[in-house]
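Asks: Here it is, the structure, as structure tokens.
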Amino acid sequence: MAVLSIRDLSLEFPIYRGAVKALNGVTLEVGRREIVGVVGESGSGKSVTSMLAMRLLVEGSYVVTAGSVAMLGTDILAASERTMLGLRGSKVAMIFQEPMTALNPIRKVGDQMVEVIRLHRPMPAARARMEAVALLQDMHVADPEHILGTYPFELSGGMRQRVLLALAFSCQPELLIADEPTTALDVTVQRQVLLLMREKARQKNTAILFITHDMALVSQFCDRIYVMYAGSAVEDGPTAEVLAAPRHPYTRGLLNALPDRVPSRAVIEAIQGSVPDLTSLPRGCAFAGRCPLAMPACQQRPPSVSVDPAGRHHAACWAVPGNGSGA
Amino acid sequence: MSGPSLLTLQDLQVRFPVGMDWLGRPKQQVHALNGVDLEVFQGETLGVVGESGCGKTTLAQVLIGLVKPTAGRILRQRPGGGAPTRMQIVFQDPQSSLNPRLPVWRIISEPLYVQCRGRMTRQAMRQAAAGAAAQVEIPPEHLDRYPHEFSGGQRQRIAIARALVSGPDLILLDEPTSALDISVQAQILNLLNELQRQRGLTYLLISHNVAVVRHMSDRVAVMYLGQIVELGGTAEVMRAPRHPYTRLLLESVPQLGPAVGEDAVSSSTELPGNRQLPSGCFFRDRCPDARAGCERPQGLLPAAGGERSVRCHVHVQEDPCP
Chain A
-9 MAVLSIRDLS LEFPIYRGAV KALNGVTLEV GRREIVGVVG ESGSGKSVTS MLAMRLLVEG
51 SYVVTAGSVA MLGTDILAAS ERTMLGLRGS KVAMIFQEPM TALNPIRKVG DQMVEVIRLH
111 RPMPAARARM EAVALLQDMH VADPEHILGT YPFELSGGMR QRVLLALAFS CQPELLIADE
171 PTTALDVTVQ RQVLLLMREK ARQKNTAILF ITHDMALVSQ FCDRIYVMYA GSAVEDGPTA
231 EVLAAPRHPY TRGLLNALPD RVPSRAVIEA IQGSVPDLTS LPRGCAFAGR CPLAMPACQQ
291 RPPSVSVDPA GRHHAACWAV PGNGSGA
Chain B
20 MSGPSLLTLQ DLQVRFPVGM DWLGRPKQQV HALNGVDLEV FQGETLGVVG ESGCGKTTLA
80 QVLIGLVKPT AGRILRQRPG GGAPTRMQIV FQDPQSSLNP RLPVWRIISE PLYVQCRGRM
140 TRQAMRQAAA GAAAQVEIPP EHLDRYPHEF SGGQRQRIAI ARALVSGPDL ILLDEPTSAL
200 DISVQAQILN LLNELQRQRG LTYLLISHNV AVVRHMSDRV AVMYLGQIVE LGGTAEVMRA
260 PRHPYTRLLL ESVPQLGPAV GEDAVSSSTE LPGNRQLPSG CFFRDRCPDA RAGCERPQGL
320 LPAAGGERSV RCHVHVQEDP CP
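Chains as they are written, first to last, in the working numbering: chain A, -9 to 317; chain B, 20 to 341.
Here you go:
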């Protein structure tokens, strides 16, 4: 059974005379113990998807127009706030991009950790503190006692993110949603934090939904990958397969746009134009306007079809053979 | 590089006071730059790479005059004498570096307005702005629009046009693409390369993104804690890094490719604070090869037979190539 299963989800934020169509039919699944990467540029809907899965978007600011979200067998869209409180933190944990804003700046790290631990597992404060020390030791923090006595601003970004990771794993969650967990960190620290995250996830049988804009990170740490564009997943499959043989023109464009792939100073194959305006999306394929392969069929939204015999690699494009475009 | 030198930095140091006591004397100092020696040659792109807090941005700010150096000299000598080297800068975030209340043509021609006030008509300034805009592919009918009407990539094009308009000798690019998406980043990098080819520009490119620096620059300077730890031809440094920090940095850069092995271990690395500078070699505490001799401060030593210099007495001469 999948830990997280999102089916054909569409969501919009109503604004004056219209709506920002943030998600347009996202289908996404995270299996047990799986590390799934979601890549996309800004505005592709990757963060909105994760925030909705945790029901952290401000109630009333958004309208779900279609689709369903099931997490650990719970229908998230219909769940009561009480059910959500039971899920959040204990069965499903989340870590955010900016570790500074996720911690309370005026309380010591130790007090915050003790509070979270006791919230989910009632125990005496002294024992919770010992638990906190053990958790930090698990994260290879050299001097946990000292860290517990500090305020968040005294810690480096990498240390803060490790504190949050320790908290996220404190309740043995079945799913960890990591929304750009290392974007605010330097590369040397980033590698450390991600290695740590994966190590703990494998140990504790936690699945990870890893949201990032960095293709290279996904290639190194994820089992499966979803590529998002303008609010829908345009391609998904096993990481190595998607990166070796991308089928959607957007995925191909994204990979070609990386400066690492061309000789120094050579012209990089950039994707022309920019991301479409989410308030007035084209009726058909959202990528058609920038696509080198655009054809008349692109006036209709392409369905996501399997492109390999095993049925694990999918792309939503009319140009993919087998998608009945006659092309 | 072949070209003559445009800019020379000699032992540049910048310290910021933090926390004053009741007499207004600083209690501590942030050591942002701790002796930077660097030369920029005409026609080249010099990349400066390093992690946050290593002084990259302070370096740009000192060069453009936004921050006064605490010690050291900046020589802006131009080949053939005459006026000192003229510089312009493109900032990281095009959202906050463009005045939201000015139309695009006014933003682009602002350097001319400052430099030639009274000697240039409004019409001439508009013309100059249109010329610069055309080079960065901003259509002329957009000249009367305001910055909020453009996407991030287009805003960065406007910032580049503003840097071009006064015909500078050297353009400082301070993280020019780190606020942009990958597809747009590629467009901007292509544009910068194209402009350099057409106009023989000189760039000082500051970035934390190793891939961008590798793609763009002829020479690269790796910075660590306010010092240059390795300097040399980009291809050479990237292929066979010598300073232990350069190696750590290059190893950490995520690369497209097979997954990192499940047994990979994370070396514990924390950047030391820059309030209290470490004694001896700044990298000593994190260095896997620390040994006797590292407790002395390290100078930037020239490696034999090349334009490479390395701030490490252990690795300066050896060729670590397997």
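Quick reminder that beta carbons are idealized off the backbone N, C-alpha and C, glycines included.
Quick check on residue 100 of chain A: buried or exposed, where buried means 16 or more other Cβ atoms within 10 Å of its Cβ?
Replies: buried
Asks: Can you have a look at residue 133 of chain A and say buried or exposed, based on whether 16 or more other CB atoms are within 10 angstroms of its CB?
Replies: exposed
Asks: Which bits of chain A does residue 233 of chain B rub up against, with CB to CB less than 8 Å?
Replies: Going along chain A in sequence order, the residues near residue 233 of chain B (Cβ under 8 Å) are 249, 250, 254.
Asks: For residue 164 of chain A, count the other beta carbons within 10 Å of its own beta carbon; 16 or more makes it buried, fewer makes it exposed. Which is it?
Replies: buried
Asks: Distance check for residue 96 of chain B and residue 277 of chain B, CA to CA, integer angstroms please.
Replies: 48 Å
Asks: Kindly say whether residue 37 of chain B, judged by its beta-carbon, lies nearer than 7 Å to any beta-carbon of chain A.
Replies: For residue 37 of chain B, not one C-beta of chain A is nearer than 7 Å to its own C-beta.
Asks: Sort B/111, B/47, B/28, B/127 by Cα distance to residue 35 of chain B and report the nearest one.
Replies: B/47
Asks: Can you give me the C-alpha to C-alpha distance between residue 254 of chain B and residue 239 of chain B, rounded to a whole angstrom?
Replies: 9 Å
Asks: Leaving aside the five residues before and after residue 134 of chain B along the sequence, list all residues of the same chain whose C-beta is less than 7 Å from its C-beta, in chain order.
Replies: Correct list, in chain order: 185.
Asks: Classify residue 30 of chain A as buried or exposed, calling it buried when 16 or more other Cβ atoms lie within 10 Å of its own Cβ.
Replies: buried
Asks: Say whether chain A places a C-beta atom closer than 7 Å to the C-beta of residue 170 of chain B.
Replies: So, interface residue.
Asks: DSSP three-state label for residue 110 of chain B, please.
Replies: coil
Asks: Mapping DSSP to helix, strand and coil, what is residue 257 of chain B?
Replies: helix
Asks: Given a threshold of 16 other Cβ atoms within 10 Å of its Cβ, counted over all protein chains shown, does residue 6 of chain A qualify as buried or as exposed?
Replies: exposed
Asks: Got a sec: is the Cβ-Cβ distance from residue 282 of chain B to anything in chain A below 7 Å?
Replies: no
Asks: Can you give me the Cβ contacts of residue 229 of chain A inside the same chain, cut-off strictly under 8 Å, excluding the 5 residues immediately before and after it?
Replies: 27, 208, 209, 212, 213, 214, 215
Asks: Exposed or buried, which one is residue 76 of chain B when buried takes at least 16 other CB atoms within 10 Å?
Replies: buried
Asks: So, helix, strand or coil for residue 53 of chain B, using DSSP?
Replies: strand
Asks: Let me know the secondary structure DSSP gives residue 242 of chain B once reduced to three states.
Replies: strand
Asks: With a threshold of 8 Å on Cβ separation, who are the neighbours of residue 326 of chain A within its own chain once the five nearest residues in sequence on each side are excluded?
Replies: In this structure chain A extends from -9 to 317, so residue 326 of chain A is not present and cannot be described.
Asks: Taking three-plus beta-carbon pairs below 8 Å as touching, is the stretch 47 to 66 of chain A in contact with the stretch 141 to 152 of chain A?
Replies: no
Asks: Can you tell which of B/161, B/330, B/236 has the C-alpha that lies nearest to the C-alpha of residue 321 of chain B?
Replies: B/330
Asks: Measure the CB-CB distance between residue 51 of chain B and residue 74 of chain B and report whether it falls below 7 Å.
Replies: yes
Asks: For residue 171 of chain A, which option in A/-9, A/0, A/85 has the closest C-alpha, if you only look at C-alpha atoms?
Replies: It is A/85 whose Cα lies nearest to the Cα of residue 171 of chain A.
Asks: Assign residue 33 of chain A to one of three DSSP states: helix, strand, or coil.
Replies: coil
Asks: Provide the residue span of the beta strand (DSSP E) that contains residue 89 of chain A, from first to last.
Replies: Looking at the DSSP string, residue 89 of chain A is not in any beta strand (DSSP E); the run it does join, the alpha helix (DSSP H), is 89 to 92.
Asks: Cβ of residue 128 of chain B less than 7 Å from any chain A Cβ?
Replies: Not one chain A Cβ lies under 7 Å of residue 128 of chain B.
Asks: Does the stretch 36 to 47 of chain A come close enough to the stretch 227 to 247 of chain A that 3 or more CB-CB pairs lie under 8 Å?
Replies: Contact between the stretch 227 to 247 of chain A and the stretch 36 to 47 of chain A is absent, because fewer than three Cβ pairs lie under 8 Å.
Asks: Do the stretch 62 to 71 of chain B and the stretch 123 to 131 of chain B make contact, defined as three or more Cβ pairs closer than 8 Å?
Replies: no
Asks: Please decide whether residue 52 of chain B counts as near chain A, where near means a Cβ-Cβ distance under 7 Å.
Replies: no
Asks: Quick check on residue 235 of chain A - is its C-beta less than 7 Å from some C-beta in chain B?
Replies: no
Asks: Under the DSSP definition of a beta bridge, which residues are partnered with residue 35 of chain B?
Replies: B/49
Asks: Exposed or buried, which one is residue 346 of chain B when buried takes at least 16 other CB atoms within 10 Å?
Replies: Chain B is shown from 20 up to 341; residue 346 of chain B falls before or after that span and cannot be answered.
Asks: What residues match up with residue 14 of chain A in a beta bridge as DSSP calls it?
Replies: A/0
Asks: Can you have a look at residue 192 of chain A and say buried or exposed, based on whether 16 or more other CB atoms are within 10 angstroms of its CB?
Replies: exposed
Asks: Determine whether the Cβ of residue 197 of chain B lies closer than 7 Å to any Cβ atom of chain A.
Replies: no
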